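Chemist: Just so we're aligned: 93 in my numbering is position 57 of the sequence shown, and the numbers increase by one with no gaps anywhere. We put the beta carbon where it would ideally sit given N, CA and C, even for glycine. Fair warning: this is a prediction, and the values are worked out from it, not measured in the lab.
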Amino acid sequence: MSNFIKFGMGVNETRLNKQDVVSIKKVSSSRVEITYRTIDPTGKNPYIIAQELIGMPDAEYENLIKIIDED
Numbered sequence: 037m038s039n040f041i042k043f044g045m046g047v048n049e050t051r052l053n054k055q056d057v058v059s060i061k062k063v064s065s066s067r068v069e070i071t072y073r074t075i076d077p078t079g080k081n082p083y084i085i086a087q088e089l090i091g092m093p094d095a096e097y098e099n100l101i102k103i104i105d106e107d
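1. Taking the alpha helix (DSSP H) that I101 belongs to, which residues open and close that run?
2. If we count the other Cβ atoms within 10 Å of its Cβ and call it buried at 16 or more, is Y83 buried or exposed?
3. Grouping DSSP H, G and I as helix and E and B as strand, with all else coil, what is N81?
4. Just curious, the beta strand (DSSP E) that V47 is in, first and last residue?
5. Rounded to a whole number of angstroms, what is the C-alpha to C-alpha distance between K42 and V57?
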């Protein structure tokens, strides 16, 4: 099992450690909001919370939820 999830394609592909995912929320029929922890570029905090709103088909969304729930 991989500890990483991948979404998007090509230059828009993003890989996240499963442990860094805070939430995944379907906001419309083809849009998903992913909230995750990432490094703080200022160095003042150990991490910051970031969000991405991406287009994602239902099948890909269901697969993403399945992958995260495997652990």
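Modeler: Reading off the structure:
1. D94 to D105
2. When all chains shown are included, Y83 counts as exposed.
3. coil
4. Following the DSSP letters along the chain, one finds V47 in no beta strand (DSSP E), marked with neither H nor E.
5. 12 Å
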